[in-house]
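FYI, in full-length UniProt numbering the residues of the sequence shown are 1 to 153.
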Amino acid sequence: MASSSVKIGKKEPEIVVFKDPCKQKKNFHKQHSKKKNEKSTEKQKQIEDFRYGNLKREVSKLALSAYTGKEREQAMESYLIKLGAHPVKKKKPENYKLFLERKKNEKDEEKTKNTEKFREEQLKKLITRAHKSITQYNKMCKFKKKTNKSRKK
């Protein structure tokens, strides 16, 4: 039989690697300092972006803080409209009884308009029908005259 490198019944030896704790600390400090540098560069980039990107917005907010009361509300409203918001639709308060009366009048006006339109449409239809029937009658009369003339000859 061929001899094998691993003999039956014997276990392979465990390999243990010695790690020097002094060297581990040095590597840890190097990695930690790299992370700090990355964080600081990210913060610097954010600060630069803040300085240039949001400067205009910050200045306008600061200007808004100078106003007080109703002036501040109006300035804030104009600022929001400038940013793209829809302007506020201001409705004045109205007495409820007057409101109901106004709505009732509007409905009555609509009904009268609708009935007037309906009547006008009906009249137009009648007029067109009458016109058609008159033209047909005239054609029949002309045709009868022609036939009568041809019979007389």
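Every residue, glycine too, gets a C-beta built ideally from N, C-alpha and C.
As the structure is a computational prediction, the values presented were derived from the model and not from experiment.
For residue i, the first and last residue of its enclosing alpha helix (DSSP H)
i: A75; result: 69-83
i: K56; result: 55-64
Cβ-based burial, residue i [other Cβ within 10 Å; buried from 16]
i: M1; result: Residue placement at M1 is flagged as unreliable, the pLDDT there being 46, under the threshold of 50; a coordinate-derived value is accordingly withheld.
For residue i, the nearest candidate out of the options (CA to CA)
i: E94; options: E121, R102, Q136; result: R102
**OP:** Report yes or no: do the segment 75-91 and the segment 51-65 share at least 3 C-beta pairs separated by less than 8 Å?
**Re:** yes
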